[in-house]
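All the letters of the sequence shown, read from the start, carry residue numbers 28 to 708 under this note's numbering.
Read the structure below first, then the notes.
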Amino acid sequence: MKKHQPINPNFPFIWHGGDYCPEQWQYEPKIIDEDMRLMELANVNTVTLNMFAWSTIEPEEGKYDFSYLDDIFERMEKRGGLVILGTPSGARPAWLAKKYPEVLRTNEVGQKNLFGNRHNHCFTSPKYRELVAKINGELAKRYKNSPALALWHLSNEYNGECHCDLCKEAFRNWLKERYNNDLDALNFAWWNNFWGHKYTSWDQIDPPSPLGEMRNWTHLLNWKRFVTHQTTDFMKIEIKAIKEHTPNIPVTTNFMGSFYGLNYKELAKELDVVSNDDYPNWHHYFGPNYIGNMASFTANLMRSYKNKPYMIMENAPSATNWTAVNKLKRPNMHRLSAIQQLAHGAESILYFQWRAGRAGSEMYHGAVVDHTGTDETRVFKEVASLGKDLERLKDIIGTTTKAEVGLFFDWENMWSATLTKGFNNTDDKNFLKTLYKHHMPFWKRGIGVDIVGYDTDLSKYKVIIAPMMHMVNDAFIDKIEKYVKDGGKFVTTYYSGMVNEESMTYLGGFPATKLMDVFGTWAEEIDSLYPQDENYVEYKGNNYRIYDMCAVIHEKNGGKGIATYKNDFYANTPAVIKNKYGNGEAYYVGFRDDGSFVDVLYSEILHDANIKSVVDFKLVDGTSVNARYDEKNTYVFVQNFNDKKVKFNTKDTYIDVLDNSIVTGDFELEAFDAKVFKKEI
28 MKKHQPINPN FPFIWHGGDY CPEQWQYEPK IIDEDMRLME LANVNTVTLN MFAWSTIEPE
88 EGKYDFSYLD DIFERMEKRG GLVILGTPSG ARPAWLAKKY PEVLRTNEVG QKNLFGNRHN
148 HCFTSPKYRE LVAKINGELA KRYKNSPALA LWHLSNEYNG ECHCDLCKEA FRNWLKERYN
208 NDLDALNFAW WNNFWGHKYT SWDQIDPPSP LGEMRNWTHL LNWKRFVTHQ TTDFMKIEIK
268 AIKEHTPNIP VTTNFMGSFY GLNYKELAKE LDVVSNDDYP NWHHYFGPNY IGNMASFTAN
328 LMRSYKNKPY MIMENAPSAT NWTAVNKLKR PNMHRLSAIQ QLAHGAESIL YFQWRAGRAG
388 SEMYHGAVVD HTGTDETRVF KEVASLGKDL ERLKDIIGTT TKAEVGLFFD WENMWSATLT
448 KGFNNTDDKN FLKTLYKHHM PFWKRGIGVD IVGYDTDLSK YKVIIAPMMH MVNDAFIDKI
508 EKYVKDGGKF VTTYYSGMVN EESMTYLGGF PATKLMDVFG TWAEEIDSLY PQDENYVEYK
568 GNNYRIYDMC AVIHEKNGGK GIATYKNDFY ANTPAVIKNK YGNGEAYYVG FRDDGSFVDV
628 LYSEILHDAN IKSVVDFKLV DGTSVNARYD EKNTYVFVQN FNDKKVKFNT KDTYIDVLDN
688 SIVTGDFELE AFDAKVFKKE I
């Protein structure tokens, strides 16, 4: 398979390093010298600079001091290393907030924020956009010819929203464009005659607020869309300022997994490469499968945005400091978590942070160099060892992945499904947890998965899984209908096919319009269960407990029930309906379980679709496997998330990429171990 281009063709290796903040140590120059020495020992080739250093490089408006950046650029150039240069918009200087208070964010009850924290700015503010573009341009002009400049890092973890008068007006203008300046169309789409909310003038519309409107789901949905639009528009201002001087240097910004506040799909369209901050809660009491699978889902999401390799921009070499319980990564866990990301398509392993600060919000956040300041710590040694492994894995750069299964996830569907109240509202309807459960059967079997959305070409996949597909527009309904008719296998669940793109319910029954025929199902009602309620579904002689939600469903137009409810007034009625439609098959799963049922169902569907694991050996609990490909070789990544040794047996013959040994027959992985094998295609 043809390889992808590296992140930057001038640096065709796995990038290893991370956030480096020498501005925090400018009064202790010996620290900088020591950092350069330690970076060599840690096999670090990359530093990310300037993320929150605006107040250092522009201490007064129009007066610049780039001396600390000049120094690090020069040092990295001499080392042959590379620099990811951050734009500093995530944290404006105090002088800027004082001089131009309009740049500060206004909260949802109309209070103007004080200076402090980070991302405390208005994305709409013309003054802030002007000043950000100016400092970005100055940085680009100064370092455009540096051989070390490899990538631009836009801001840091874009997030938040502003409710100032500028943002209110921008929201109204955005709505005018969306509804073609037709207020009646908006009133209808928002169903504003309910509770007497009909607008007669655009200036009557405000953003959602606990002091005003928080119960019109379409209003809230469109505000979410607007916040994404405004953030993306701000980001485009940043990109324009740097591309003017460095058109060939790629740009990225760091995502935060499935962060609820922004539709990352829209931001990804403007980026040259996607990057993510990877902070799974390793060693959680839920067990190795849960966290390993969740991290895999997020990795698949990052790769699927652009269908090419992505970056890990941040991860903790040990513990974080911002969760309720910040457990240390156990020995070898850091290496395993890094190789897991490479297995899914990552081509960098970067940290927050290189050196732990002496004070501030993240002083106890894990770092490669802790407050001891030496190379003698366990964490430093593990990072250095990983760095050597990454050098040996350079041949995976640009390799591709394969997937015959698509799992549907889209921000707009998530917003619609969770903002809307009804049925069981516990923990945002357990929306993401449900997706993880439907991802698990593929993760534990070594089956490649892409994350798909409304605009994906479904024909590339043999199987599509779409849990809680609450929102579907006419175009996507047509796409599903054609996909199944042409031979695809499509699985959806309760709470699917219920509303259009405005979060207005369809009329005539659920799932909507053609989907009732495709799935051979009429979903009449949805029941909600308390945690102590017990009901079960019987399937092929086994019982599976129901949790949270289940739909009362009926066979329609040829659909056949293949599982039945055990108790309550809907006992002995279908719990799952399978329908032959055209050349394909559609499944409607009417209930949520703990994952046991969907594991069995997907095993059968995989068998019927002739979708097989990337390896010939059976995986044991708590292990997974992924593959990447080039024109000649398959690279197999075997991962053990257990705290104990596991054994496998393969009939294939592999080369261990890290030690060049031959692997066939029996082989073992130690606790939290990972191996990378290679074999010719």
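Built from N, CA and C at the ideal position, the CB exists for glycine as well.
Per-residue burial, residue i [other beta carbons within 10 Å of its own, 16 or more giving buried]
| i | result |
| --- | --- |
| Gln231 | exposed |
| Trp217 | buried |
| Tyr507 | For clarity, residue 507 is Ile in the given sequence; the question names Tyr instead. Its Cβ being crowded by 16 or more others within 10 Å, Ile507 is buried. |
| Glu204 | exposed |
| Gln32 | exposed |
| Gly117 | buried |
| Arg242 | exposed |
| Lys659 | exposed |
| Asn320 | buried |
| His361 | buried |
| Ile269 | buried |
| Met495 | buried |
| Trp349 | exposed |
| Asn457 | buried |
| Trp222 | exposed |
| Val490 | buried |
| Gln138 | exposed |
| Ala351 | exposed |
| Glu529 | buried |
| Thr691 | exposed |
Contact belief for residue i with residue j at Cβ below 8 Å, rounded distance in angstroms
| i | j | result |
| --- | --- | --- |
| Gly480 | Asn610 | Not confirmed; about 24 Å, so no contact. |
| Asp575 | Thr453 | 7 Å |
| Met467 | Asp626 | 7 Å |
| Cys189 | Thr133 | 6 Å |
| Thr279 | Val300 | 5 Å |
| Val703 | Tyr608 | Wrong, their Cβ atoms sit about 42 Å apart, outside the cutoff. |
| Gly44 | Val71 | 4 Å |
| Trp381 | Ala394 | 6 Å |
| Asn281 | Asn303 | 7 Å |
| Thr677 | Val647 | Rounded, the Cβ-Cβ distance is 13 Å, inconsistent with contact. |
| Ala411 | Ala69 | 5 Å |
Where residue i sits in the DSSP three-state scheme
| i | result |
| --- | --- |
| His43 | strand |
| Pro601 | strand |
| Arg156 | helix |
| Lys335 | coil |
| Thr151 | coil |
| His581 | strand |
| Met340 | strand |
| Thr258 | helix |
| Val410 | helix |
| Lys354 | coil |
| Ala590 | strand |
| Gly23 | Because the chain in this structure spans residues 28 to 708, residue 23 falls outside the shown range and cannot be described. |
| Ser364 | helix |
| Thr245 | helix |
| Met543 | helix |
| Ser285 | coil |
| Arg419 | helix |
| Phe79 | coil |
| Thr520 | strand |
| Phe313 | coil |
| Glu265 | helix |
| Phe618 | strand |
| Val511 | helix |
Any non-hydrogen atom of the ligand SAM closer than 7 Å to residue i Cβ
| i | result |
| --- | --- |
| Lys292 | Looking for the ligand SAM in the displayed structure turns up nothing, as the structure carries no ligands at all. |
*Decide yes or no for the touch test of the segment 406-417 against the segment 359-367: beta carbon pairs closer than 8 Å, at least 3 of them.*
yes
*Which residue spans inside the segment 425-505 form an unbroken beta strand (DSSP E) run of at least 3?*
432-435, 476-479, 490-493
*asked:* Give the list of continuous alpha helix (DSSP H) stretches no shorter than 4 residues that lie fully inside the segment 165-217.
replied: 192-205, 210-216
*Counting Cβ pairs closer than 8 Å, one from the segment 367-383 and one from the segment 332-352, do we hit at least three?*
Enough Cβ pairs lie closer than 8 Å, so yes.
_Check whether the segment 527-534 and the segment 546-560 are in contact - that is, three or more C-beta pairs closer than 8 Å._
no
*Would you say the segment 92-99 touches the segment 146-157, given that touching needs at least three Cβ pairs under 8 Å?*
no
*Report yes or no: do three or more beta-carbon pairs, one from the segment 470-488 and one from the segment 426-437, lie closer than 8 Å?*
yes
*Go through the segment 106-133 residue by residue and report every complete run of the alpha helix (DSSP H) that reaches 4 residues or more, in order.*
As far as the segment 106-133 is concerned, its whole alpha helix (DSSP H) runs of at least 4 residues are 121-126.
_Below 8 Å, how does it come out for the segment 72-91 and the segment 164-181: are there three or more Cβ pairs, yes or no?_
Yes, the segment 72-91 touches the segment 164-181.
*Hey, is the segment 687-700 in contact with the segment 656-676, meaning 3+ C-beta pairs nearer than 8 Å?*
With the cut-off at 8 Å, the segment 687-700 and the segment 656-676 touch.
_Three Cβ pairs or more, each shorter than 8 Å: is that satisfied between the segment 159-177 and the segment 219-235?_
no
*Pairing CB atoms from the segment 514-523 with CB atoms from the segment 567-586, are three or more of them under 8 Å?*
yes
*Counting Cβ pairs closer than 8 Å, one from the segment 281-298 and one from the segment 331-339, do we hit at least three?*
With the rule of 3 Cβ pairs closer than 8 Å, the segment 281-298 counts as touching the segment 331-339.
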